[in-house]
Amino acid sequence: MPFVRISLRKGKSPDYLSALADSIQRGLVDTFDVPENDCFQIIHQHDENELIFDRTYLAGPRSDDFVYISITIGRPRTAEMKAALYRRLADLLVQSPGLRPEDVMIVISTSTPEDWSFGDGIAQMTDPDWRLRALGGRQ
Amino acid sequence: MPFVRISLRKGKSPDYLSALADSIQRGLVDTFDVPENDCFQIIHQHDENELIFDRTYLAGPRSDDFVYISITIGRPRTAEMKAALYRRLADLLVQSPGLRPEDVMIVISTSTPEDWSFGDGIAQMTDPDWRLRALGGRQ
Amino acid sequence: MPFVRISLRKGKSPDYLSALADSIQRGLVDTFDVPENDCFQIIHQHDENELIFDRTYLAGPRSDDFVYISITIGRPRTAEMKAALYRRLADLLVQSPGLRPEDVMIVISTSTPEDWSFGDGIAQMTDPDWRLRALGGRQ
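Chains as they are written, first to last, in the working numbering: chain A, 1 to 139; chain B, 1001 to 1139; chain C, 2001 to 2139.
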């Protein structure tokens, strides 16, 4: 259910981008009760003058490796779960692809189950059994 | 009022992109009480490794033609209207540009009328007569 | 705290893009109680057929210089503050880079302080002293 939009500067290798996406999905699975295969992500790669960020506001110093991660979820998470996600994502992204924690910015948006259609013209998460179906798909 | 962000893989023709955008706007007009000319859309075309999606989570199997449609609206819609939109969009996109229903993923975000300025430095939808003005513009 | 996504047609100079981004940040500082250095923006440049907009719906006529500005904030603003932002942004963008007010479309999304991590794996805005820290960083 999460949909993730990842923005960074152009110039990283395909392996780097893949590691970045994998670690973000791992963090969501570990802390946000997201099934392994509930994975939907888009990467936007930008020229230097298209990705504008302050180097020190509330954290930092940020480097040219700065990554902005926008996460849309379909049901609420507690403040504790969000704090756990931030901590976990920073840890995982340090391990792979090797980001500095100062360069990981995350913003969460919350919508409702009825706001999501995963395909086939229906709102899968309004089915009371959707979690069973989601977990079934994991095998 | 809806603003639509459409994401898909690179490689489709201009005609395909135009048909995709037209069908999405048609679906919003048909089910979401949107004036015909209330049309604001952005298309993001991505390399294969920038558009990441599970092939079978809660729907599918998804193909390389997968399209992710993010719709921001300025006033609430009921769950019934949302379900009708998903159904209608799947039908229309099958007809043109020829998508499979499995490849149509939709996520809705809701804001408020005061969150929108369509230009001229004012919040048009906070004017009690905005609907009349919108419909007048349709002629 | 605001995160701004700016979308326009390809073809503008680096100076134009920089002026556009600067004026948007200035408007947020002037009307939304945003610290000067709380600046996070992404610019998306699009081919003609990727940026679709009606020329006259509720404002206009819009030209090829149309700019769509999506602003995500982390705490509520009043309708009056939003109206002031729209007015101020239109004025500033006319001055620099020289946009017409008809070409400035703005949509605001609101999340909560706990939805933001500016880096280091923590949710800075859940710290009761975060405003002091933010203003301290301005010097």
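Positions of the beta carbon are idealized from the N, C-alpha and C atoms, including for glycine.
Note that the coordinates shown come from a computational prediction; the quantities given were computed from them, not determined experimentally.
Practice task
Just the chain B side, please: which residues come within less than 9 Å of A/Asn49 by C-beta, in chain order?
Solution key: Within chain B, no residue comes near A/Asn49; the closest Cβ sits about 19 Å away, beyond 9 Å.
Practice task
Determine the contact status of A/Ala19 and A/Ser70, defining contact as a CB-CB distance below 7 Å.
Solution key: In this structure, A/Ala19 lies away from A/Ser70, with their beta-carbon atoms at least 7 Å apart.
Handout entry: Residue span of the alpha helix (DSSP H) that contains C/Tyr2086, given as start and end
Key = 2079-2095
Exercise for the section: Could you tell me the distance, in whole angstroms, from the CA atom of A/Gly98 to the CA atom of B/Arg1075? Expected result: 42 Å
Exercise for the section: Take every Cβ of the region 44-53 of chain A, pair it with every Cβ of the region 62-69 of chain A, and state whether three or more of those distances are shorter than 8 Å. Expected result: yes
Exercise for the section: Give a yes or no on whether the C-beta atoms belonging to C/Tyr2086 and B/Ser1117 are separated by under 7 Å. Expected result: yes
Problem - Three-way DSSP call (helix, strand, coil) for B/Leu1058 in this model - result: coil
Handout entry: Amino acids of chain C, ordered along the chain, whose beta-carbon sits closer than 7 Å to that of A/Ile43
Key = Correct list: empty, because the minimum Cβ distance to chain C is about 13 Å.
Problem - C-alpha distance - A/His46 paired with B/Ala1079, whole-angstrom precision - result: 37 Å
Practice task
Below 6 Å CB to CB, which residues in the same chain sit around A/Arg138 once its five sequence neighbours on both sides are set aside?
Solution key: Low per-residue confidence applies at A/Arg138: pLDDT is 45, beneath 50, and the placement is therefore not dependable enough to give any value.
Handout entry: Local Cβ density within 10 Å of C/Leu2132, reported as buried at 16 or more and exposed below that
Key = exposed
Problem - C/Arg2009 versus B/Lys1082: straight-line alpha-carbon distance, rounded - result: 31 Å
Handout entry: Segment contact flag, the region 111-128 of chain A with the region 1012-1029 of chain B, C-beta cutoff 8 Å, min 3 pairs
Key = no
Practice task
Mind listing the chain C neighbours of A/Ala111? Cutoff is C-beta to C-beta under 7 Å, in chain order.
Solution key: The identity of residue 111 of chain A in the sequence shown is Ser, whereas the question assumes Ala. Here the premise fails: no neighbours, minimum Cβ distance about 11 Å.
Practice task
Specify the secondary structure class of A/Gly98 as computed by DSSP and reduced to three states.
Solution key: coil
Practice task
Measure from the C-beta of A/Ser117 to each C-beta in chain B and report whether the shortest distance is under 7 Å.
Solution key: yes
Problem - Alpha-carbon to alpha-carbon, B/Asp1030 and A/Ile122 - result: 17 Å
Handout entry: Counted within 10 angstroms of its Cβ, other Cβ atoms place A/Leu93 as buried (16 or more) or exposed
Key = buried
Handout entry: Distance, C/Asp2129 Cα to B/Ala1090 Cα
Key = Rounded to the nearest angstrom, the gap between the Cα atoms of B/Ala1090 and C/Asp2129 is 49 Å.
Problem - Buried versus exposed call for C/Leu2135 [16 or more other C-beta atoms within 10 Å across all chains shown] - result: exposed
Handout entry: Unbroken alpha helix (DSSP H) run spanning B/Ser1063, endpoints
Key = Premise fails: B/Ser1063 is in no alpha helix (DSSP H) and is neither H nor E.
Problem - Boundaries (first-last residue) of the alpha helix (DSSP H) holding B/Thr1031 - result: 1014-1031
Exercise for the section: Quick one: which residues of the region 1095-1106 of chain B get their C-beta closer than 7 Å to a C-beta of chain A? List them in chain order. Expected result: Pro1101, Glu1102, Asp1103, Val1104, Met1105, Ile1106
Problem - Beta-carbon contacts of B/Ala1084 that lie in its chain and below 7 Å, excluding the five residues immediately before and after - result: Thr1031
Handout entry: Helix, strand or coil at A/Thr112 [DSSP, three-state]
Key = coil
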